[in-house]
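Asker: What follows is a single structure, and I will ask about it in a moment.
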Amino acid sequence: MTTVEHLHTLKSEIIDIFMTLEVSEHEQRKRRAAVRYLKARRGIEQRQEKRQLAEEIAELPE
Numbered sequence: 514m515t516t517v518e519h520l521h522t523l524k525s526e527i528i529d530i531f532m533t534l535e536v537s538e539h540e541q542r543k544r545r546a547a548v549r550y551l552k553a554r555r556g557i558e559q560r561q562e563k564r565q566l567a568e569e570i571a572e573l574p575e
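Going by my numbering, the sequence shown runs without a break in its numbering and finishes at 575.
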């Protein structure tokens, strides 16, 4: 194998490794975003439930 071929092979391997890392990082960002979205959604739902419960309690006769 010539030096040029070896360099070309090495370059291809480095690019493959880089692309794999990028895909992995992208997947991790997507997972973190999904977790943040789920937490936010749960927070919104809990706030709505608390508000609704407070309204229902306020409507009860004493």
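Virtual Cβ for every residue (Gly too), placed ideally from N, Cα, C.
By the DSSP assignment, the alpha helix (DSSP H) with M514 in it spans what residues?
Answerer: Note, M514: premise wrong, no alpha helix (DSSP H); not H, not E.
Asker: Measuring from the CB of E575, is there a heavy atom of the ligand FMN at a distance below 7 Å?
Answerer: Inclusion of the ligand FMN in the displayed structure is not the case, the ligand content being empty and no account of it being possible.
Asker: From R544 to Q561, what distance separates their C-alpha atoms?
Answerer: One C-alpha to the other measures close to 26 Å.
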